[in-house]
Structures are given as structure tokens and as C-alpha cells.
Amino acid sequence: MTTVAVDTPGGQYPIHIAPGRLDALAQSIPADATAVALVTNPTIAALYAERAEAALARTGKRVVRIELPDGEAHKDWQTLNLIFDGLLSHRYDRKGVLVALGGGVIGDMCGFAAASYMRGVRFVQVPTTLLAQVDSSVGGKTGINHPLGKNMVGAFHQPVAVEIDTDVLRTLPAREISAGLAEVIKYGLILDAPFFEWCEANAAALRALDPQALTYAIQRSCELKAHVVSQDERESGLRAILNLGHTFGHAIEAGLGYGEWLHGEAVGCGMVQAAELSARVTGFPAADVARVRALVDAIGCPVVSPDLGADRALDLMRVDKKAEGGEIRFVLLPEIGRAVTQRAPEAAVREVLALTSCLP
Ligand code: NAD
Ligand code: MG
């Protein structure tokens with residue numbers, strides 16, 4: 001088993017990574033827990049809930065399952081309340097422990113419920129999508145969507161453990177794997193040039209779910225994210241570099257309507273656009289722009305954006321949560337393995353949009 005340690009002001013916890021980890025969930029439940037609530041959705045429950053419950057039952061504690069409807073559209077107040085309904089009707093006290101079994105939607109909602117139930121209870125992340133394993137389950141951001149904006153209501157609340165079973169990725173659709181891989185290569189681009197090179201050499205193995213390659217990619221991604229959030233838990237500085245590709249990506253997701261492209265697909269394409277912009281602003285070498293494009297393509301993500309019109313794309317980027325006072329700040333690459341956050345001349349952004357977009 002591989003273990004990555006996370007150390008933030010808000011909590012220290014291990015990330016355990018191994019095939020079959022689902023059967024060892026009892027190990028992550030604190031000894032003084034009074035009961036366990038397994039929060040999941042019907043899609044994941046059909047595949048993994050019985051195994052997870054059997055593993056959790058080994059603690060000797062009461063285990064109750066709370067199923068939420070599947071999908072980003074249900075990441076809202078009404079659905080969050082189903083968790084509180086379950087906890088209150090089963091009389092969970094402040095020592096009840098929540099277990100999030102699912103992708104980022106379940107993890108974000110279960111985490112937010114844990115942050116606010118009785119002003120805060122402990123929870124364990126059991127991420128079952130690649131995106132959740134390398135990104136959303138680590139770092140303590142939790143929350144729900146509001147009709148007027150995505151992830152606009154939430155809290156920082158670190159889990160007590162993250163349990164990653166690499167085997168569960170076998171049932172994940174290939175598109176979801178590609179989307180998760182976009183966040184993996186992002187870590188190499190912003191922080192670790194040798195890891196980017198490793199991804200170039202292992203793109204095919206990763207897409208084929210080669211167990212060794214996957215384990216290493218997840219481990220390295222978690223180490224790099226843990227490094228960033230340990231220095232900047234609440235995104236007052238460094239953590240912003242995790243948004244590479246996300247400003248352009250946000251325009252694609254919002255412009256097409258959420259759900260048309262997966263988040264990771266938009267980030268993959270957005271990283272190609274950010275690389276092009278870097279070439280114009282920070283002197284990022286043209287040969288490296290080509291490498292970024294080739295790798296995003298190799299992991300199965302789109303490299304050409306739909307043409308939203310430059311004015312509309314710029315408007316969408318300006319209302320993005322990451323913009324400050326209407327000013328768009330981009331994460332740019334001076335070189336592979338290093339990222340900076342800065343403004344970019346609008347003319348350069350327009351040039352990149354024209355170059356990287358095509359008519360539908
Ligand atoms: P998701 O949770 O919607 O999961 C994608 C789909 O795969 C769902 O239908 C799900 O039921 C299904 N699924 C999950 N695991 C499966 C498995 N092993 N086999 C088969 N099907 C499976 O999507 P996601 O990409 O995991 O997460 C996206 C969410 O994560 C967004 O809401 C986003 O805002 C959030 N997010 C949060 C953070 C953070 O730091 N908290 C970071 C990135 C993304
Ligand atoms: Mg992301």
C-alpha cells in the first residue's frame with residue numbers, strides 16, 4: 001500500500017492508495033466513533049456499497065446508508081438536506097462519522113454535511129472517480145452549487161482519511177478517465193517537469209488502466225496537491241496555481257452549458273489555451289506548447305475549443321469565481337514544471353481564442 005501524508009492547519013490525515021482498499025475501510029474509522037453513515041448514490045451503490053458496508057461492519061459499529069440522487073444537477077440544498085434527514089432520523093450524535101463513497105459530487109456534498117452537522121463531525125473520503133482520487137477528495141474544499149453559481153456555498157473541512165481503491169476505476173466510463181487524467185498532467189505542468197515527462201511516456205498505459213502506472217500517477221498527484229494545500233489551505237496565494245487551464249475551461253463549460261463537456265475535458269483544452277497564452281506572455285517555448293497539446297490529445301481530451309465568440313468567452317472568464325474585481329487572472333507557465341498567476345493583455349487572449357477555437 002502507498003501512503004501520502006497531508007498536513008494542513010485544518011488537519012493531518014493519510015491518503016491510502018491500493019487495489020482492494022475498499023475492503024479495509026474499517027481501519028479509517030476512529031475508535032471512538034459512535035456510528036457510521038455511508039453516503040453514496042444508486043450508481044455507485046449498485047457496484048460497491050455492499051462491499052463497503054461489509055468492511056465498515058467490521059468496526060462493530062452501526063452502519064446506515066444514505067443514498068442521494070446521482071448527478072451534478074443534484075448538488076444542491078435539497079439533496080444536502082437528505083443527509084441531515086438521515087443523520088437526524090437515526091439520531092447520529094457528534095461522534096458519528098460520515099463516509100463519502102463516490103465521485104466529486106458525493107465527496108463535496110458529504111464533506112459539507114460533515115462540516116455543518118452539529119457544527120462539524122468527522123468524515124472519510126472514499127473517492128471512486130479518477131478526478132476525485134487525484135483532486136477533489138484531497139484538500140478539504142466542500143460545498144454545493146447555487147442556481148446562480150457553481151460551488152458558491154461551502155466550507156473548508158478536512159477529512160480524517162482518504163481511502164483510494166484503484167480497482168474501482170475499472171467500472172468508470174473511458175471519458176471520465178480521460179477527464180481525470182487532465183488534472184493529473186496539470187500537476188506536472190505546474191510543479192513537476194519530470195512527472196510531466198513520465199506522463200508523456202505513460203499516457204497509453206494510464207488510459208489502459210495499467211495498475212502500476214495508475215497507482216504512481218495517483219500517488220504523485222496527491223503528493224503535489226498535498227504540498228500545495230499544506231502551504232495554502234484556504235487559497236490566499238499558491239493554491240491558485242491549481243487552476244491552470246481552468247479559466248479558459250470555465251468559459252467552455254459555462255458557454256456550452258454545464259455537462260456538455262466534462263470538467264476535466266474543458267480543463268484539458270484550457271491547458272492547451274493557457275500554454276498558447278504563456279507563449280505570448282511569459283515566453284513559454286513553442287516546442288513545449290506542442291508537447292502540451294500532444295499530451296492532452298494522447299490522454300483523450302479535446303485540444304480545440306468550441307467557438308463561443310471572443311467577446312462572450314471573455315465575459316464568461318470575467319464572471320468566473322477566480323476573477324477578482326472583474327479582472328481576469330490567468331495561471332501561466334514560464335516553463336514546464338513552474339506556474340505563475342498574472343494578468344494577460346486582452347489582445348493576446350483574443351489571439352489565443354481565435355487560434356484554438358473552431359466553429360461547431
Ligand atoms: P461525479 O461525482 O458526478 O461522478 C461522475 C459519474 O461517475 C457519476 O455519474 C457517478 O455516479 C459515476 N461514478 C462514480 N464512480 C464510479 C465508478 N467507480 N464506476 C462507475 N461509475 C462511477 O463527477 P466527478 O468528476 O467525480 O466530480 C465532479 C465534482 O467534483 C464537481 O461537482 C466539482 O465541482 C467537484 N470538484 C471538487 C473539488 C474540490 O476540491 N472539492 C475539486 C475538483 C472538482
Ligand atoms: Mg479542476
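Note that the UniProt record's numbering has the sequence shown beginning at 1, numbered continuously upward. Quick reminder that beta carbons are idealized off the backbone N, C-alpha and C, glycines included.
With H, G and I counted as helix, E and B as strand and the rest as coil, what does DSSP make of residue 341? strand
Helix, strand or coil: how does DSSP classify residue 123 here? strand
Could you compute how far the alpha carbon of residue 66 sits from the alpha carbon of residue 151? 22 Å
Exposed or buried, what is residue 234 when buried is set at 16 or more other beta-carbons lying within 10 Å of its beta-carbon? exposed
Proximity below 8 Å, CB of residue 267 to CB of residue 276: no
Contiguous alpha helix (DSSP H) assignments of at least 4 residues, all confined to the stretch 188-253: 193-207, 211-231
Helix, strand or coil for residue 160? Go by DSSP, reduced to three states. coil
In the DSSP assignment, find the beta strand (DSSP E) that holds residue 67 and state where it starts and stops. 62-67
Buried or exposed for residue 261, going by 16 or more other Cβ atoms inside 10 Å? buried
How far does the beta strand (DSSP E) with residue 335 in it extend, from its first residue to its last? 330-335
Is it buried or exposed for residue 324, if we count other Cβ within 10 angstroms and need 16 for buried? exposed
Under the DSSP definition of a beta bridge, which residues are partnered with residue 8? 11
Please return the same chain residues whose Cβ sits closer than 6 Å to the Cβ of residue 249, not counting the five positions on each side in sequence. 266, 267, 270
Rounded C-alpha distance that separates residue 69 from residue 77: 13 Å
Hey, is residue 81 close to ligand 1, as in C-beta under 7 Å from one of its heavy atoms? no
In three-state terms, what does DSSP make of residue 23? helix
Residues in its own chain within less than 6 Å of residue 28 by CB, not counting five upstream and five downstream? 124, 161, 163
From this set, 73, 100, 115, which residue's C-alpha is nearest residue 10's C-alpha? 115
Would DSSP call residue 38 helix, strand or coil? strand
Check residue 165 in the structure and name its three-state DSSP category. strand
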